[in-house]
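Chains as they are written, first to last, in the UniProt record's numbering: chain A, 1 to 331; chain B, 1 to 382; chain C, 1 to 137; chain D, 1 to 335.
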């Protein structure tokens with residue numbers, strides 16, 4: 001499940017590359033079909049249930065626009081990565097396998113990745129592919145089952161899928177009920193589409209993780225703090241991450257009342273990156289937001305004093321962005 | 001930097017016709033009591049602070065950016081330099097994050113060594129705080145007594161890992177060195193020595209009326225404010241929140257030892273002073289037990305892959321450093337280098353409340369309040 | 001007033017207590033065996049595997065190898081080996097990865113010089129720095 | 001020596017005056033040099049250090065080296081400082097500190113001027129020092145200096161009141177303001193016993209007058225970096241330093257004379273030891289006490305300092321006067 005967070009980057013990039021190369025038409029079609037199918041499904045909650053669809057969620061919001069943007073964004077990179085990326089992407093028929101392969105290809109060194117990708121992409125019947133396929137099949141089945149159902153099924157699916165990665169389905173996490181509760185509360189208050197995804201982050205001490213729609217983040221944050229059952233009164237951490245195709249702000253909240261924590265992620269585009277400030281809710285967000293603005297260039301509308309904090313005011317660029325080029329190499 | 005956002009107010013009293021003017025005072029970055037290169041622009045009316053704006057970043061080294069091009073093992077020496085007064089906890093939080101992601105088993109002996117090192121470091125850190133806090137308040141002696149005893153801890157570290165402050169002691173999956181022969185005994189002796197010394201510290205300072213009257217009721221805030229400002233560690237506990245990650249979210253092997261979490265309710269500098277002193281006692285208590293139960297043999301480095309590659313994904317862990325809650329966020333792509341590494345630094349977060357606390361205080365209180373927050377600029381600026 | 005008197009009593013007692021000052025430059029400072037000081041490098045042990053240069057967090061090690069002069073033998077021998085002590089943080093990682101213990105730590109730590117250029121130490125200097133070599137590595 | 005003052009001025013006795021002043025200055029400089037040395041040594045020992053030990057045997061020449069360094073240093077002056085006042089301030093601070101020593105009786109014979117109102121003269125003159133401090137603080141055109149100067153003004157003026165009030169008891173007991181007579185009146189009992197309350201008030205107020213721990217607010221290095229003399233360097237800084245220690249010399253002398261029986265031995269049987277030794281012993285005890293305080297005490301806060309002066313010290317001093325007056329009246333048979 002954790003791969004989900006990482007996936008869109010290479011996936012979309014790969015997609016763009018594929019388009020540029022005009023090799024992965026099949027993949028793209030599959031994806032668009034999926035997106036359409038999803039869009040037409042009334043219960044969008046099913047979206048995050050299966051991996052590829054969950055990737056589509058942001059796209060679903062503005063499928064065409066985003067795809068175009070991603071394409072444009074990736075074009076420059078596509079040029080240099082076209083050869084390998086396109087090759088792998090093109091060889092994929094299944095959208096999901098393509099995503100997985102591309103992610104892994106991206107992650108590993110070029111040669112190793114190529115081999116791996118080839119093996120995985122080609123050998124669906126191979127050992128790894130077999131497991132993958134199994135997990136995927138299970139996921140897909142569950143996704144279908146959950147299409148009409150609400151958050152619970154989806155969450156179970158999420159953990160089931162996480163378990164799938166470890167090759168054996170695992171018992172639900174001890175934090176699963178909490179996640180269910182959060183999702184239920186949020187869905188109740190804001191409707192289903194406010195959550196872009198929700199899952200248990202197995203790597204991070206099984207912390208329930210929610211991905212919240214950017215536009216409604218401030219309302220959700222207010223709710224997270226003030227709702228009796230959630231009552232997240234403490235902001236432990238706030239920072240941004242650059243995933244090349246998007247920026248994410250990561251929040252780690254803790255509720256001293258309920259002794260429970262939650263991780264929240266809000267995504268934003270790289271151009272005019274902006275996430276609503278939560279400084280009015282948690283004063284502790286003040287400097288963290290300034291730091292995020294300083295190093296990643298994410299704007300926080302609503303922040304009372306948003307200016308650079310660690311770097312000098314006349315600094316050029318945002319150093320923690322992956323495409324940051326030092327203004328003055330000599331220094 | 002942005003001094004123009006503070007404007008001073010000139011006014012002529014209607015009664016006396018005397019013209020009064022507010023004044024901007026630039027405290028730092030080179031000031032004896034800012035504990036490093038920290039700067040405060042304060043607007044003062046006489047000696048009363050109307051507004052304070054902290055300016056930092058003079059020690060910013062871009063650790064998080066550097067880390068993106070370093071392997072996990074290579075990052076460890078950099079963490080020593082963040083909170084240089086308490087390097088062991090920084091070492092640990094990074095290793096802990098990576099180990100959590102990889103699901104590594106840490107050998108028993110390594111766990112003990114880590115815990116002992118961290119607790120010794122906590123004592124050392126609180127000693128530095130005690131000394132510098134009193135130095136800020138004008139007493140020179142305690143600083144030297146504290147440093148004499150801290151020196152003993154640093155010598156122990158020097159024997160353990162070959163460095164006094166930049167330890168680079170912990171590794172993913174364990175620690176670099178086993179305890180040298182006789183080290184455990186020496187540490188036991190130190191713990192007994194420190195217990196006695198602590199009493200004499202109280203004799204020297206804790207009863208001093210001048211000292212007590214200076215910090216009484218200064219820098220006061222309540223529980224709600226503390227949570228709102230994301231305060232942690234002693235800053236949080238001084239308002240009555242009984243919260244210590246060692247107890248509440250046990251990591252390492254803290255759940256095996258008996259210790260109390262000192263909690264106060266005053267929320268002022270006095271409470272924080274007493275809490276830190278009490279924490280030293282608790283640390284010594286943990287150390288005593290840990291040294292007693294120290295396993296006689298065993299590996300100190302677990303089975304780890306030759307190249308550390310946490311699975312793709314992200315993790316955020318937090319532990320209790322002497323200054324509060326230190327967190328480490330790793331976003332990994334499955335490579336041997338982190339995609340994004342972020343430290344949640346307690347000094348940085350705790351410092352946020354400073355402008356609020358300073359309002360209406362005098363310059364002398366400013367020093368006391370800043371001292372009681374216990375910041376390390378290497379960590380604030382990261 | 002009692003507190004003040006207690007404090008005065010404490011400092012007065014300290015007046016005659018044993019002093020802790022170490023006469024450092026006159027009396028050398030003994031470092032424990034594990035101390036991480038300036039590295040000693042023995043060229044004959046080096047197999048030019050480049051691991052130390054790669055693991056160095058600050059990239060302060062630069063080395064080049066040359067083919068073995070004896071054509072019978074395979075592999076390389078070390079040609080130049082420089083450590084820039086302006087940026088070396090003595091973190092011990094180079095000695096940790098070295099498979100042949102060609103680079104080891106010593107207990108020497110006095111590096112003060114009058115010019116930054118002198119902080120670039122070359123193979124010969126590092127080879128000659130062979131006192132107080134650390135046993136455990 | 002005071003009979004010189006009665007003579008008609010001539011070349012001879014003018015030379016005598018100058019020579020005596022130079023000798024006193026030399027003694028003072030020697031005192032300052034070694035007061036600083038011992039201050040550092042004593043505080044060092046108390047803090048488990050060994051203090052200065054590099055320059056000369058046992059570090060005895062440390063202060064000499066420090067002063068030499070100060071004298072050959074560049075004399076800097078802030079660009080926008082008030083030139084005239086900036087130059088004047090160290091002199092203003094130093095001259096009265098030196099001037100008060102004229103009336104100090106060190107022994108029965110060593111005294112420069114035997115003024116009938118010696119005590120009043122001392123107090124009047126020492127009040128001028130604060131002018132130098134304020135001037136320095138203002139003329140430096142530095143905010144820290146200014147705050148230091150203002151703190152100093154408030155502190156010194158406030159503490160002057162209890163200081164004066166506390167010695168009134170002594171004057172009442174003796175019936176004279178002549179310092180020599182005050183000492184002679186202590187033959188039977190040192191003033192510290194009947195005037196203990198006055199002594200305590202005096203010691204505290206003197207500490208504040210001297211700007212020393214725990215009342216070193218005007219130069220609090222951890223708050224105001226160095227207070228009023230932050231912009232001074234080289235020779236001018238040395239003047240302030242000198243003034244501070246000479247003033248300490250003066251205060252130590254005064255306290256010895258007023259409360260500790262001057263050159264009188266501790267019991268009459270020890271009369272064979274020369275008076276000057278007794279004087280030096282008592283004097284040193286007080287100076288040591290100052291170092292001791294400095295090694296132990298934290299600094300007070302401005303508001304506490306002021307309220308302490310007006311709400312505690314002044315009432316206590318007034319009560320002391322009342323008490324002494326009652327006792328003196330009783331003894332003289334008024335009741």
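Ideal placement from N, C-alpha and C gives every residue a C-beta, glycine not left out.
The residues 41, 42, 43, in chain order, have a CB closer than 7 Å to that of residue 127 (chain C) in the same chain once the five nearest residues on each side in sequence are set aside.
Contact between the segment 22–34 of chain B and the segment 113–132 of chain D is not established, with fewer than three Cβ pairs separated by less than 8 Å.
Close to residue 243 (chain B), with beta-carbon spacing below 8 Å, are these residues of chain A in chain order: 256. Secondary structure within the segment 49–116 of chain D: the alpha helix (DSSP H) runs of 4 or more consecutive residues, fully enclosed, are 62–71, 83–99 (chain order). Contact annotation: residue 175 (chain A) and residue 202 (chain A) have beta-carbon atoms that are not nearer than 7 Å. Using a CB distance below 8 Å, the part of the segment 207–219 of chain B facing chain D consists of 208, 210, 211, 213, 214, ordered along the chain. Beyond the five residues adjoining it in sequence on each side, residue 279 (chain A) comes within less than 8 Å, by CB distance, of 285, 286, 289, 300, 302, 303, 304 in the same chain, given in chain order. B:137 is the residue among B:310, B:137, B:314 whose C-alpha sits nearest the C-alpha of residue 369 (chain B). When secondary structure is reduced to three states using DSSP, residue 126 (chain B) falls in the helix class. The criterion of a C-beta distance shorter than 7 Å is satisfied by residue 139 (chain B) and residue 298 (chain D). Nearest neighbour of residue 108 (chain B) by Cα position, chosen from B:361, B:295, B:354, B:305, turns out to be B:295. By the Cβ test, the segment 141–155 of chain B is not in contact with the segment 319–331 of chain B, since fewer than three Cβ pairs between them sit closer than 8 Å. In this structure, the CA atom of residue 195 (chain D) is about 12 Å from the CA atom of residue 328 (chain D). Within the same chain, and ignoring the five residues on either side of residue 122 (chain C) in sequence, the residues whose Cβ sits closer than 8 Å to its Cβ are 80, 81, 82. When Cβ-Cβ separations below 7 Å define contact, residue 204 (chain A) makes contact with chain B. For residue 239 (chain B), the closest alpha carbon among the candidates B:231, B:43, B:259 is that of B:231. Residue-level contact check: residue 29 (chain B) does not touch chain D, since none of the beta carbons of chain D fall below 7 Å from its beta carbon. Leaving aside the five residues that flank residue 274 (chain B) on each side, the residues in its chain whose CB is nearer than 7 Å to its CB run, in chain order, 264.
Assignment of beta-bridge partners to residue 62 (chain C) by DSSP yields C:82. Closest in alpha carbon position to residue 188 (chain D), among D:26, D:167, D:259, D:213, is D:259.
Taking 7 Å as the CB threshold, residue 27 (chain C) stays off the interface with chain B. A Cβ of chain D is located within less than 7 Å of the beta carbon of residue 364 (chain B). B:56 is the residue among B:39, B:56, B:47 whose C-alpha sits nearest the C-alpha of residue 309 (chain A).
Here residue 337 (chain B) is actually not in contact with residue 239 (chain A); their C-beta atoms are around 18 Å apart, not less than 8 Å. At a Cβ-Cβ threshold of 7 Å, residue 9 (chain D) and residue 239 (chain D) do not count as neighbours. Between residue 144 (chain D) and residue 23 (chain D), the C-beta gap is not smaller than 7 Å, which leaves the two residues out of contact.
Following the DSSP letters along the chain, one finds residue 301 (chain B) in no alpha helix (DSSP H), marked with neither H nor E.
Taking the Cα positions, residue 283 (chain D) is about 15 Å away from residue 274 (chain D). Neighbours of residue 15 (chain C) in chain D, taken as residues whose beta carbon is under 8 Å from its own, are 42, 45, 46 in chain order. Contact with chain C is found for residue 295 (chain D), since one of that chain's Cβ atoms lies less than 7 Å from the residue's Cβ. Assignment of residue 245 (chain A) by DSSP, reduced to helix, strand and coil, places it in the coil class. In the assembly as shown, residue 1 (chain C) is an exposed residue. Its beta-carbon has fewer than 16 other beta-carbons within 10 Å. Approximately 25 Å separates the beta-carbon atoms of residue 183 (chain D) and residue 292 (chain D); this is outside 8 Å, ruling out the contact. For the segment 205–219 of chain D, the set of positions with a beta-carbon nearer than 9 Å to some beta-carbon of chain B reads 213, 214, 216, 217 in chain order. Per the Cβ contact rule, the segment 67–84 of chain B is not in contact with the segment 2–22 of chain C (fewer than 3 Cβ pairs under 8 Å). The alpha helix (DSSP H) runs of length 4 or more contained entirely in the segment 202–233 of chain A are, from start to end of the chain, 217–226.
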